[in-house]
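All remarks here apply to the structure that follows.
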Amino acid sequence: MHSIGERIKHIRKTHDLNQVAFSQMIGISQGTISELEKNKFNPSVETMLQLRLYHVYGVLKTKGALMLVKSSREARGV
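Taken in order, the sequence shown gives residues 1 to 78; the numbers are from the UniProt record's numbering.
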């Protein structure tokens with residue numbers, strides 16, 4: 001399973017954003033994005049909510065692990 005940092009980096013690159021643009025979009029510093037992508041720490045609940053609010057991806061907790069989904073329909077298995 002990919003780390004949270006790898007998933008965040010993948011999300012950012014999928015949307016063709018550099019760290020500065022991505023951090024401005026979700027309202028956290030570029031340094032925080034860098035540290036998250038290096039797995040220095042896990043994202044806060046607030047950061048995870050920002051990711052979801054900006055429709056980058058939903059971040060859901062399932063069976064003790066984080067799972068990224070593209071839509072709420074996918075989360076429900078529809």
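Heads up, the beta-carbon is just placed ideally off N, CA and C, and yes, glycines get one too.
These figures come from a predicted structure and were not determined experimentally.
Here G31 is exposed. Its C-beta has fewer than 16 other C-beta atoms within 10 Å. Here the alpha carbons of V45 and I11 stand approximately 17 Å from one another. Per DSSP, the unbroken alpha helix (DSSP H) holding F22 starts and ends at Q19 to I26. Separation of D16 and S3 (C-alpha to C-alpha, rounded to the nearest whole angstrom) is 20 Å. Less than 9 Å divides the Cβ of S34 from the Cβ of Q19.
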